[in-house]
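Asker:
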Amino acid sequence: MKKLVFSLLAMSFACSSTYAQNTFPASGSAGIGTTNPTVGALQINAPDKTVSSAIAIRQSNNPAYGFDLALDQLVDGKGYIYGVSNNTKTSLIEFDRTASVVRLPNLALGTGTPAGRFDIAALSGGQHSTGIIHSSGSQAWGHTLILATDAANGDDARLLFSYRNKAKQWGIGGQYSSTRFSIWEDCGDGFIGSTYGAERLTVASGGNVGIATSTPISLFQVDGGQAKACIGDAGGADLKYGTSYLGFNAGRSGSNWTINGDNVHNGAGVIYSTIEGEILFAPIGSTAGSDKTLTDANIASAINFKITPTGTYAKKITVQTTGFPDYVFKPTYKLRPLSEVKTYIDQNQHLPEVPAAATVEKEGMDIAEMNKLLLKKVEELTLYLVQQNGRLDEQQKLLKEQQQQIKKLTDQGQHARK
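Numbering-wise, the sequence shown is residues -20 to -1, 1 to 398 according to mature numbering (1 follows the signal peptide of the UniProt record, and there is no 0).
1. Below 8 Å on the Cβ atoms is my guess for H245 versus A277; work out the distance and round it to an integer in Å.
2. Taking C-alpha atoms, which residue in G63, T93 and V202 lies nearest to G227?
3. Contact check, K286 vs E258 under 8 Å by CB: the rounded distance?
4. Are there 16 or more other CB atoms within 10 angstroms of the CB of Y60, so buried, or fewer, so exposed?
5. Once you ignore the five residues that flank T70 on each side, which residues in its own chain have a CB closer than 6 Å to its CB?
6. Would you report the Cα separation of E381 and P335, rounded to the nearest angstrom?
7. What's the gap between the Cα of D373 and the Cα of L361?
8. What are the boundary residues of the alpha helix (DSSP H) that G370 is part of?
9. Can you list the alpha helix (DSSP H) stretches of 4 or more residues lying completely in the stretch 272 to 350, in chain order?
10. If distances are taken between C-alpha atoms only, which option among W164, T193 and T273 comes closest to R138?
11. What would DSSP say about L219, mapped onto helix, strand or coil?
12. If you draw a straight line from the C-alpha of V82 to the C-alpha of G46, how long is it?
13. CA-CA distance, L89 and F98?
14. Kindly list the residues whose CB is nearer than 6 Å to the CB of P17, restricted to its own chain and excluding five residues on each side of it in sequence; keep chain order.
15. Consult DSSP for A6 and reduce its assignment to one of helix, strand or coil.
16. Less than 8 Å between the CB atoms is what I'm expecting for G151 and F141, so what's the real figure, rounded?
17. Taking the beta strand (DSSP E) that A209 belongs to, which residues open and close that run?
18. According to DSSP, is T129 part of a helix, a strand, or is it coil?
19. With distances taken Cα to Cα, identify the nearest neighbour of E256 among H108, A95, A217 and S7.
20. Which value, in whole angstroms, describes the spacing of the CA atoms of A(-7) and L49?
21. What do you reckon, are the CB atoms on P317 and Y324 nearer than 7 Å?
22. What are the boundary residues of the beta strand (DSSP E) that includes Q39?
23. So, using beta-carbon positions, are T223 and S253 closer together than 7 Å?
24. With Y62 as the anchor, note down where its beta strand (DSSP E) starts and where it stops.
25. So does I283 have its beta carbon nearer than 6 Å to some heavy atom of the ligand SAM?
26. Give the straight-line distance between the Cα atoms of K310 and G370, rounded to the nearest whole angstrom.
27. Buried or exposed: where does T129 fall if 16 or more other Cβ atoms within 10 Å of its Cβ makes it buried?
28. Grouping DSSP H, G and I as helix and E and B as strand, with all else coil, what is V19?
29. In three-state DSSP terms, what is E258?
30. For the putative contact between S266 and G247, defined by C-beta atoms under 8 Å, what is the C-beta separation to the nearest angstrom?
31. Taking Q39 as the reference, give the member of V250, P94 and N67 with the closest Cα.
32. Contact check, R232 vs G212 under 8 Å by CB: the rounded distance?
Take a look at the structure:
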């Protein structure tokens, strides 16, 4: 009997030594899975590699549901927080000491169910930013936030902005299978760039671009009141089916043109091209202080200069110049003798001082200088005619005197015969 009691005590002691791995002293560190805790107020050691959860928090009425805290017994420095549903574990948070990261499959801040990997709800009150990202200022290339796509081809990274209760949205970022940077809006509202509410850049739903205007009427419009400049379509029969135009204080919408008055009597101008390759210029007079609306026909009637593939045409050209040849009529001017002019023409086949045809064909000519030269030749020709007229007057006078002498002699002869 004594041997049996001794044997049972020995077995009890052995079992206690093997399985009693917990310690909860009145003071000092407590241990679970260890009787010799050395770190922290509570040290938990998983018994072996087959037990993955060090702490299990389960529902009292259904322990198949809850949360587990576990260590990765095979990889040093990894731990997990699992969600447990019907004894099936799903990783909610992964701790990786070696990589110094915490990994989460989805994260929601201020909202119940995240719509993406990361979902932040706005604070109440409407006066707070939803999120703020701070940088040290020493990051590479100034990057505070990087969006990246891992695939070599496909839909590149972009930011999507959803508004009006997610009924409308636009995005900014990469474009599918290209290296271009793009901006999208899918509700036909266009987008603007502003400074404290003042719209500075607008892209309208139809594609019109405006600077300093929220309602560009042309493909491109810079609007500073009377300092407006526009680029747009100049189609239409009244404009000879123009292709495009450049308007100075003139913008076209449909077949109507708007000229800004701004109460300072501003004029305007339009340059446009046609399908025939013509470039036409239409200056527009004062607006008389108020805005003016013109039609395509009004613009066409204002054209006074055009360049075509075959030449240049103008209603009126004024050339400002100096050195007009009035000096030809001064008494000191030496007029070439006509005999000298004839000799020069015989030798060169053109007038003195006038460039040869080959020279003009090669180098062109200065219109102002050519007009002065032509006027000089006309003035010289006038002097030749004046000189010739003087000689004719002398000849007429001499001829008249001779006729009078002949008549006198004739009368005397007739009288003598009688």
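For each residue, glycine too, the CB sits at the ideal point set by N, CA and C.
Answerer: Taking the structure as given:
1. Taking the sequence shown and counting its residues from 1, one reaches residue 245 at position 265. Taking the sequence shown and counting its residues from 1, one reaches residue 277 at position 297. H245 to A277, Cβ: 23 Å. No contact.
2. Residue 227 sits at position 247 when you count from the first residue of the sequence shown. Considering only alpha carbons, the answer is V202.
3. Along the sequence shown, one-based indexing puts residue 286 at 306. Along the sequence shown, one-based indexing puts residue 258 at 278. Contact flag correct, Cβ pair sits at about 6 Å.
4. For the purposes of this step, residue 60 is taken as residue 80 along the sequence shown, with counting starting at 1. With 16 or more Cβ atoms within 10 Å of its Cβ, Y60 is classed as buried.
5. Against the sequence shown, residue 70 aligns to sequence position 90. Contacts found: G63.
6. In the sequence shown, counting from the first residue as 1, residue 381 sits at position 401. In the sequence shown, counting from the first residue as 1, residue 335 sits at position 355. Using only the alpha carbons, I get a separation of about 47 Å.
7. Mapped onto the sequence shown, residue 373 falls at position 393. Mapped onto the sequence shown, residue 361 falls at position 381. Distance between the alpha carbons of D373 and L361: 18 Å.
8. Counting from one through the sequence shown, the residue named residue 370 turns up at place 390. Its alpha helix (DSSP H) spans residues I347 to R397.
9. 276 to 281, 318 to 328 and 337 to 343
10. What you label residue 138 is simply residue 158 of the sequence shown in a count that begins at 1. Out of W164, T193 and T273, W164 has the C-alpha closest to the C-alpha of R138.
11. Against the sequence shown, residue 219 aligns to sequence position 239. Three-state DSSP puts L219 in a helix.
12. Mapped onto the sequence shown, residue 82 falls at position 102. Mapped onto the sequence shown, residue 46 falls at position 66. Approximately 21 Å, taken between the alpha carbons.
13. For the purposes of this step, residue 89 is identified with residue 109 of the sequence shown, where counting begins at 1. For the purposes of this step, residue 98 is identified with residue 118 of the sequence shown, where counting begins at 1. So the alpha carbons of these two residues sit roughly 8 Å apart.
14. For the purposes of this step, residue 17 is taken as residue 37 along the sequence shown, with counting starting at 1. Hits under 6 Å: S9, G11 and Q23.
15. In the sequence shown, residue 6 corresponds to position 26, counting from 1. Note: A6 maps to coil in three-state DSSP.
16. Position 171 of the sequence shown, counted from the first residue, corresponds to residue 151. Position 161 of the sequence shown, counted from the first residue, corresponds to residue 141. Their Cβ separation, rounded to whole angstroms, is 7 Å, which keeps G151 and F141 in contact under 8 Å.
17. Sequence index remark: in the sequence shown, residue 209 carries index 229 (1-based). That run of the beta strand (DSSP E) goes A209 to D213.
18. Position 149 of the sequence shown, counted from the first residue, corresponds to residue 129. In the structure shown, T129 sits in coil (DSSP, three-state: anything other than H, G, I, E or B).
19. The count along the sequence shown starts at 1 and reaches residue 256 at position 276. If we check each option's Cα against that of E256, A217 comes out closest.
20. Counting from 1 along the sequence shown, the entry for residue -7 is found at position 14. Counting from 1 along the sequence shown, the entry for residue 49 is found at position 69. Confidence in A(-7) is poor, its pLDDT being 38 and thus under 50, which makes the residue's placement unreliable; the coordinate value appears in the next sentence. Rounded to whole angstroms, A(-7) to L49 spans 31 Å at the Cα level.
21. Counting from 1 along the sequence shown, the entry for residue 317 is found at position 337. Counting from 1 along the sequence shown, the entry for residue 324 is found at position 344. Taking 7 Å as the Cβ cut-off, P317 and Y324 do not qualify as a contacting pair.
22. Within the sequence shown, residue 39 is the residue found at index 59, counting from 1. Counting along the chain, Q39 falls outside any beta strand (DSSP E), and DSSP gives it neither H nor E.
23. Position 243 of the sequence shown, counting from 1, holds the residue named residue 223. Position 273 of the sequence shown, counting from 1, holds the residue named residue 253. Taking 7 Å as the Cβ cut-off, T223 and S253 qualify as a contacting pair.
24. Position 82 of the sequence shown, counting from 1, holds the residue named residue 62. From DSSP, the beta strand (DSSP E) with Y62 extends over K58 to S65.
25. Absence of the ligand SAM is noted for the structure shown, with no ligands found whatsoever.
26. Position 330 of the sequence shown, counting from 1, holds the residue named residue 310. Position 390 of the sequence shown, counting from 1, holds the residue named residue 370. The alpha-carbon atoms of K310 and G370 are separated by roughly 18 Å.
27. Position 149 of the sequence shown, counting from 1, holds the residue named residue 129. With fewer than 16 other Cβ atoms within 10 Å, it is exposed.
28. Start at 1 with the first residue of the sequence shown, and residue 19 comes out as number 39. The answer is coil: DSSP assigns V19 none of H, G, I, E or B.
29. Position 278 of the sequence shown, counting from 1, holds the residue named residue 258. DSSP places E258 in coil when its eight states are reduced to three.
30. To locate residue 266, count along the sequence shown from 1; it is residue 286. To locate residue 247, count along the sequence shown from 1; it is residue 267. Yes, S266 and G247 are in contact; Cβ-Cβ is about 5 Å, under 8 Å.
31. Position 59 of the sequence shown, counting from 1, holds the residue named residue 39. Checking every option, the nearest Cα to that of Q39 belongs to N67.
32. Translated into positions along the sequence shown, residue 232 becomes position 252. Translated into positions along the sequence shown, residue 212 becomes position 232. Contact flag correct, Cβ pair sits at about 5 Å.
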